[in-house]
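Let me begin by presenting the structure, written as structure tokens, before commenting on it.
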Ligand code: FES
Ligand code: FES
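Listed below in structure tokens is the structure:
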């Protein structure tokens with residue numbers, strides 16, 4: 001039995017402790033906004049917050065997060081009203097959209113660490129996440145827009 | 001979670017009491033039938049393109065599939081425009097079956113989403129049908145109001161009489177069709193482009209909120225009650241099959257439901273994906289190891305194609321010809337010949353292959369959830385695998401986490417895997433390929449050797465150009481039936497080699513169709529992803545031989561192409577080309593089909609490491625009329641970003657028939673820090689739209705190679721320009 005907090009709610013799961021957190025979140029708990037892209041810390045599609053830090057859910061076993069506070073894209077806001085989500089709409093960032101939960105979660109961790117990042121800091125930080133559709137310049141603009149709002 | 005089936009929607013009409021609306025059936029020539037949806041009437045035997053309901057909602061079918069290009073929004077916008085609909089009233093419905101009434105005119109009616117053809121192919125029929133439907137509504141309004149139709153006008157979703165009386169489209173749709181005639185498509189006037197309210201305006205994409213909150217549902221997310229999960233171990237080399245496997249042992253593992261032998265793979269089906277993944281790791285499979293593909297490695301393949309380019313064993317297939325290029329080149333004051341090489345490349349869509357299948361108890365029918373670029377070939381896959389008929393196939397076309405050509409095959413192996421596993425365990429099964437599976441079993445942009453020759457006159461003009469491409473047929477592999485119809489012309493292998501935006505007096509592009517030594521597929525930009533590189537990097541070599549500026553040399557060739565000329569002049573102005581001094585800038589003019597793009601890049605070269613970084617990029621593009629400008633901008637920029645790693649790092653190697661790369665750690669695609677500021681200009685042209693999905697890609701590799709030459713005086717002729725190749729060029 002592993003206990004942790006997910007999007008503000010206490011949860012208990014009985015998956016084997018070595019099972020990937022990503023699979024537990026997606027298939028066990030049923031929150032599908034967090035994506036699988038590589039399973040290798042290379043793409044960031046699986047980015048969630050673990051105790052406030054952007055983390056690759058494909059690199060954690062569920063046993064690792066005992067007692068931790070985890071936030072997924074579903075918990076970032078109730079209704080898509082997080083400044084980053086509004087900025088994503090305003091800048092019309094997504095194409096296929098598959099990477100975007102991870103991009104937004106990484107950007108959210110950046111803004112909570114550094115509310116007014118420079119363009120360089122944004123580019124640096126966001127380089128952990130891949131977007132094959134090539135929406136990077138829009139991502140940068142959307143993060144800057146959100147940073148002005150918070 | 002999944003879109004409603006069109007038929008199901010119609011058959012529920014029986015529950016409603018009054019006439020509920022009006023449906024419009026469309027064929028290639030425009031509107032062919034209208035039908036009142038009255039209470040209790042039987043389901044229509046054709047699917048309507050559009051239904052206007054009493055509540056004013058207007059459902060429009062989206063006949064393509066969505067992989068990020070937003071055509072699910074742009075195609076219905078075209079119909080809505082001529083209908084004069086209020087876009088807010090429009091409901092978009094995914095077409096979920098192989099109903100060729102909706103076929104893509106650009107692909108002979110096959111339901112196939114590729115090659116940036118959606119808007120181009122559907123533009124005219126959708127406009128005509130929308131205008132005819134509007135005329136039908138005007139006729140009904142005239143009858144109801146007792147006035148002459150000619151006195152009526154439309155405003156968004158309503159007909160308005162001169163005295164200000166207005167009837168909404170919803171109300172007209174329930175008024176019955178007595179006395180209404182379907183006008184001939186050619187008799188109905190279309191809007192002039194400057195009267196458009198939807199086309200050419202920025203309509204926000206409807207999928208953006210869902211894609212910004214994690215709510216968008218992809219095939220990999222589909223969950224059904226009682227669903228099992230499959231992890232597939234595929235043969236390491238094409239053409240091999242499992243000979244023996246420790247299936248009894250693996251089947252006995254807790255949570256494992258079955259081990260299924262597939263023609264070229266072994267699948268583990270389990271209660272959870274985690275169990276399937278772990279159990280797959282314990283498979284001990286002996287493969288047949290008899291495939292001729294074991295003899296192939298990409299290095300040898302490159303050598304073979306290079307020999308074939310030099311002296312083909314068969315007569316090359318002429319792709320485009322004008323005058324006598326070979327004579328013109330041999331008689332030129334100066335001539336030169338160089339080989340341009342490019343490696344295999346992988347799509348790297350971020351959602352790996354995934355599909356869910358639920359095979360019926362009798363094994364002769366199935367419901368399938370998959371992200372593919374074609375309803376037609378996915379239907380074909382199910383029919384072939386289950387040996388069944390089309391009426392037993394129920395598709396759910398899911399939005400895709402990227403396509404780029406990866407999901408176009410005539411037989412789709414990941415769909416096949418899900419079907420066979422589901423059939424075997426009698427439950428719905430979700431197949432997910434891991435990233436490694438997706439790379440190792442990728443279908444690639446073909447490896448190519450291009451032999452370029454050209455001649456220039458002593459007064460600095462291009463006199464002859466020969467573009468020879470030695471590469472296999474791609475169509476022959478991923479859709480053999482199609483190849484029989486089009487052979488020896490392979491647009492997937494050859495696109496771009498026609499250099500059609502230039503007027504070159506003596507020109508030849510030909511295709512040496514080499515032996516296929518890997519799995520192949522269309523890839524973003526198709527042939528233009530490498531032919532554009534060779535054509536435009538070599539163009540700079542010719543300009544140098546002619547002693548001309550690369551821009552001036554090209555301007556001579558676009559005298560008969562004022563739209564192209566405008567792009568070259570525009571991008572020169574945007575980038576400050578004429579005053580570039582010794583900045584590391586390179587120019588290229590390429591395009592895709594009938595869409596054109598002139599681009600300039602500025603690079604920064606680290607001479608020690610061989611790393612090329614992009615500092616700036618400017619693009620001037622012309623794709624005819626732009627239906628959704630902001631989305632077009634996003635598409636062009638995205639393709640250019642794709643082009644950066646295509647040029648710098650994307651490379652698949654094959655040794656003894658096996659793919660050497662594994663994941664994003666050894667297959668690098670563009671990351672955020674590698675993206676320069678990109679300035680895009682889109683020409684305002686009122687001409688037929690020609691597509692924006694690939695347009696931004698082909699100019700990028702040659703522009704980078706040309707910029708490299710500007711700083712080093714050396715040429716890069718082997719794509720990608722990896723650090724070792726850059727260092728080799730520097731030391732040459
Ligand atoms: S899936 Fe976790 S980093 Fe790619
Ligand atoms: S939007 Fe498609 S991968 Fe980022």
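Chains as they are written, first to last, in our numbering: chain A, 1 to 150; chain B, 1 to 732. Even for Gly, the Cβ is constructed at its ideal location relative to N, Cα and C.
Straight-line Cα distance separating residue j from residue i
i              : j              : result
residue 132(A) : residue 418(B) : 26 angstroms
residue 714(B) : residue 655(B) : 30 angstroms
residue 423(B) : residue 359(B) : 6 angstroms
residue 707(B) : residue 720(B) : 15 angstroms
residue 459(B) : residue 546(B) : 7 angstroms
residue 79(A)  : residue 55(A)  : 23 angstroms
residue 93(A)  : residue 135(A) : 6 angstroms
residue 7(A)   : residue 529(B) : 44 angstroms
residue 245(B) : residue 283(B) : 7 angstroms
residue 623(B) : residue 15(A)  : 53 angstroms
residue 670(B) : residue 676(B) : 11 angstroms
residue 11(A)  : residue 32(A)  : 16 angstroms
residue 42(B)  : residue 89(B)  : Model confidence at residue 42(B) stands at a pLDDT of 45, short of 50, so the residue's coordinates are unreliable and nothing is read from them.
residue 100(B) : residue 332(B) : 52 angstroms
residue 123(A) : residue 673(B) : 6 angstroms
residue 375(B) : residue 20(B)  : 29 angstroms
residue 67(B)  : residue 145(B) : 45 angstroms
residue 143(B) : residue 97(B)  : 37 angstroms
residue 361(B) : residue 616(B) : 59 angstroms
residue 271(B) : residue 224(B) : 12 angstroms
residue 717(B) : residue 447(B) : 14 angstroms
Same chain, Cβ closer than 6 angstroms to residue i, five either side skipped, listed in chain order
i              : result
residue 219(B) : 354, 355, 369, 370, 371 and 398
residue 410(B) : 377 and 479
residue 525(B) : 694, 697 and 698
residue 352(B) : 433, 435 and 438
residue 122(B) : 75
residue 253(B) : 279
residue 632(B) : 626 and 692
residue 728(B) : none
Nonlocal neighbours in the same chain, by C-beta distance under 8 angstroms from residue i, ignoring five residues either side
i              : result
residue 308(B) : 449, 470, 512 and 514
residue 75(A)  : 6, 7 and 8
residue 84(A)  : 76, 104, 107, 108, 111, 142, 143 and 146
residue 65(A)  : 2, 4, 21 and 50
CB-CB length for residue i against residue j, believed under 8 angstroms
i              : j              : result
residue 559(B) : residue 503(B) : 7 angstroms
residue 98(A)  : residue 58(B)  : At roughly 30 angstroms, the Cβ-Cβ gap does not stay under 8 angstroms, so residue 98(A) and residue 58(B) are not in contact.
residue 30(A)  : residue 58(A)  : That belief does not hold up - the Cβ atoms of residue 30(A) and residue 58(A) are roughly 18 angstroms apart, past 8 angstroms.
residue 61(B)  : residue 80(B)  : Contact flag wrong, Cβ pair sits at about 12 angstroms.
N-terminal and C-terminal residue of the alpha helix (DSSP H) that residue i is part of
i              : result
residue 539(B) : 528-545
residue 170(B) : 169-173
residue 466(B) : Note, residue 466(B): premise wrong, no alpha helix (DSSP H); beta strand (DSSP E) at 462-471.
residue 301(B) : 298-310
residue 511(B) : Unbroken run through residue 511(B) is the beta strand (DSSP E), 506-513; no alpha helix (DSSP H).
residue 10(A)  : That residue, residue 10(A), is in no alpha helix (DSSP H); its beta strand (DSSP E) goes 9-13.
residue 562(B) : 562-575
residue 85(A)  : 83-90
residue 193(B) : That residue, residue 193(B), is in no alpha helix (DSSP H); it is neither H nor E in DSSP.
7 angstroms Cβ shell around residue i - same chain, five flanking residues per side excluded
i              : result
residue 170(B) : 52, 53, 54, 55 and 56
residue 690(B) : 120, 593, 594, 595, 623 and 624
residue 153(B) : 160
residue 390(B) : 98, 379 and 383
residue 35(A)  : 45, 46, 98, 101 and 102
Start-to-end residues for the beta strand (DSSP E) that takes in residue i
i              : result
residue 681(B) : 678-682
residue 638(B) : From DSSP, residue 638(B) is part of no beta strand (DSSP E) but of the alpha helix (DSSP H) over 629-648.
Heavy atom of ligand 4 within 7 angstroms of residue i beta-carbon
i              : result
residue 126(A) : For the structure depicted, ligand 4 is absent and the ligand set comprises only ligand 1 and ligand 2.
Next on the checklist: At a CB distance below 7 angstroms, what residues from the stretch 319-341 of chain B approach chain A? Give them in sequence order.
Outcome noted: none
Checklist entry - Using a Cβ cut-off of 8 angstroms, which residues of the stretch 85-97 of chain A contact any Cβ in chain B, in chain order? => result 85, 88, 89, 92, 93, 94, 95, 96 and 97
Next on the checklist: Counting only Cβ-Cβ distances shorter than 8 angstroms, please list the residues of the stretch 630-651 of chain B near chain A, keeping chain order.
Outcome noted: 630, 631, 634, 635, 637, 638, 639, 640, 641 and 642
Next on the checklist: Using a Cβ-Cβ cutoff of 8 angstroms, what residues of the stretch 35-46 of chain A are near chain B? List them in chain order.
Outcome noted: 35, 36, 37, 38, 39, 40, 42, 43 and 45
Next on the checklist: So if I threshold CB-CB distances at 8 angstroms, which residues from the stretch 130-150 of chain A count as touching chain B?
Outcome noted: 130, 131, 132, 133, 134, 135, 136, 137, 138, 139 and 140
Checklist entry - What residues from the stretch 654-668 of chain B come within 9 angstroms of chain A, judged by C-beta to C-beta, listed N to C? => result 662, 663, 664 and 665
Checklist entry - the stretch 3-19 of chain A: which residues have C-beta closer than 7 angstroms to a C-beta of chain B, in chain order? => result 19
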